[in-house]
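Residues in the sequence shown are numbered from 1 upward in steps of one, following this note's numbering.
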Amino acid sequence: MIRSALAELMEEKGFDGITVNELTVKADINRGTFYLHYRDKQDLLEKCEDEIITEINEIIKAALQLRPEEVVKLRHHFEPFPFVIKLFEYILENSPFIKVILGPKGNPSFK
Numbered sequence: 001m002i003r004s005a006l007a008e009l010m011e012e013k014g015f016d017g018i019t020v021n022e023l024t025v026k027a028d029i030n031r032g033t034f035y036l037h038y039r040d041k042q043d044l045l046e047k048c049e050d051e052i053i054t055e056i057n058e059i060i061k062a063a064l065q066l067r068p069e070e071v072v073k074l075r076h077h078f079e080p081f082p083f084v085i086k087l088f089e090y091i092l093e094n095s096p097f098i099k100v101i102l103g104p105k106g107n108p109s110f111k
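Structure below.
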């Protein structure tokens, strides 16, 4: 919920224009809950970015577990690699945040 709220607000007003109060109202959580998990909005942004990177790395690690015979079989049948499908599904599921973080109102250092 908080990542969705962050993405929506960043799309509307950019990261610098967001307050913690706006985030908590949009995510329907109280400020105490926010501060239980995050120091400030910058900490939230960094943790969201870290989650994205960690989850994509997990998909890549799974890809490295493919045995050579599985790769040959998939290529022979012109089937996409399972990790590619999983990666695209992940990007689709997280597209609101990924879109805004990579966009003009996002974090240039994330790219």
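The beta-carbon is built from N, C-alpha and C at its ideal position, and this holds for glycine as well.
Short Cβ contact (7 Å threshold) for residue i with residue j
i	j	result
residue 44	residue 38	yes
residue 25	residue 41	no
residue 104	residue 7	no
residue 101	residue 94	no
residue 81	residue 62	no
First through last residue of the alpha helix (DSSP H) which encompasses residue i
i	result
residue 57	41-63
residue 82	82-93
residue 32	31-37
Through-space distance from residue j to residue i, alpha-carbon basis
i	j	result
residue 65	residue 72	14 Å
residue 86	residue 17	34 Å
Helix, strand or coil at residue i according to DSSP, with G and I counted as helix
i	result
residue 6	helix
residue 75	helix
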